[in-house]
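For the sequence shown, my numbering gives the first residue as 33, with consecutive numbering after it.
The beta carbon of each residue, even a glycine, is placed where N, CA and C say it ideally should be.
What follows is one structure encoded as structure tokens, with my remarks underneath.
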Amino acid sequence: MLAQPVFAQTAPEPAPAPAPETEILVQTQRRDAEKAVQTLARQVTGRLPPDRPIARFHEPLCLAVAGINRAYLDSFAGRIIENAKLADVPMARGDCKANALVIFTGNTREELAQARKKQRWIFGNLGPSALDALLKSRDPAFAWRSTEILGTNGMLVQYDDREVPQNRTIEMAGRLKQPIMIGVTGAVVIIDRDATKGMTAQQLADYATLRLLAPTTEVRELIPGAPATIMTLFLDPAGAPAELTDFDLALLRNTYAIAGNVPASNVYGRIANDLVRDR
């Protein structure tokens, strides 16, 4: 009588090995780094609205600089222009009407108060409440930008007597895209020259670059673990970087890389992607 065959029992599938501690640590560090980047980005930009496009230059940039020694004027302005080119900001050629202005002066707050009375044009379309907030902001650097609403075709949106937008592209609304773009028509940075002692022309030009070209506001405190940024130049002069940092370049480039009609807050994820996720 033949012996009954004995079949080997199928071995159970091995349980997946736990992720190595080093991998878990790297993932945790990456999440922490991403959070720090986005926290800093929100502070630097003043928390961009989730339902409005990012404000940026759509018209060619024409830069003017005043109040600086002529020996340094060309190199200072040239540094800002080179920074702008890194982000593919449209640039004016030849003679042009300035729409970006950097001024070094003394008694900055007092001069701004006088300008509000006698040179109101310099503030563009800033309203009274925005002007009040500007004059109450921290010394010694002041910055503002004037904007206009454009259709997705780049044309100025006109409004009728009922303040209803009259633009053919206004019907192109969607959850992820807006029917409009926000164009910067003018940007001004005014710096108290007495507060720049010990700072390099490169630091000041790079600081002015971000204030002119990207959505920025005052950095009021240092964030532990956050990337370095030139925006801390007047908050922490001794600890400020010598030039635009990777964070600054990511903010500048992505301001002009995202579609003109997507929500401005999309820039946060792109900055984190550049600095953390792709590394």
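Close-in-space but distant-in-sequence residues of the same chain around Gly230 (CB under 7 Å, 5 per side omitted): Pro269
Cβ-based burial, Thr264 [other Cβ within 10 Å; buried from 16]: So Thr264 ends up on the buried side.
N- and C-terminal bounds of the beta strand (DSSP E) containing Asp224: Ile212 to Asp224
Where the alpha helix (DSSP H) containing Leu307 begins and where it ends: Element bounds for Leu307: n/a, residue is neither H nor E.
Endpoints, the beta strand (DSSP E) within which Leu182 is located: Ala173 to Gly183
Segment limits, alpha helix (DSSP H) that includes Leu133: Unbroken run through Leu133 is the beta strand (DSSP E), Ala132 to Thr137; no alpha helix (DSSP H).
Given Arg302 as reference, the closest of Gln61, Arg62, Asp106 and Gln70 once Cα atoms are compared: The residue from Gln61, Arg62, Asp106 and Gln70 with its alpha-carbon nearest to that of Arg302 is Gln70.
Segment limits, beta strand (DSSP E) that includes Leu95: From DSSP, the beta strand (DSSP E) with Leu95 extends over Leu95 to Ala98.
Where Ala103 falls, given that 16 or more other Cβ within 10 Å makes a residue buried: exposed
Bridge partners - Ala87, DSSP secondary structure assignment: Ile214
Nearest-angstrom Cα separation, counted from Arg74 out to Asn293: 19 Å
Coarse secondary structure for Met231, derived from DSSP in three states: coil
Whole-angstrom distance between Ala109 and Val97, CA atom to CA atom: 7 Å
Exposed unless 16 or more other CB atoms sit within 10 angstroms - verdict on Ala274: exposed
Contact set for Asn115: own chain, Cβ-Cβ below 8 Å, skip 5 residues either direction: Result list for Asn115: Ala237, Asp238, Thr241, Leu245, Leu276 and Leu284, in chain order.
Three-state class that DSSP yields for Met123 in the structure shown: strand
Cβ distance (whole Å) where Gly218 is taken to contact Gly156 below 8 Å: 5 Å
Residues near Asp306 by beta carbon distance below 6 Å, same chain, minus five either side: Here the set comprises Ala282.
Exposure label - Ala165; buried when at least 16 CB within 10 Å: exposed
Val121 to Leu267 span [Cα, whole Å]: 27 Å
Spatial neighbours of Ser178 in its chain, beta-carbon cut-off 6 Å, leaving aside the 5 residues before and after: Gly156, Asn157, Thr217 and Gly218
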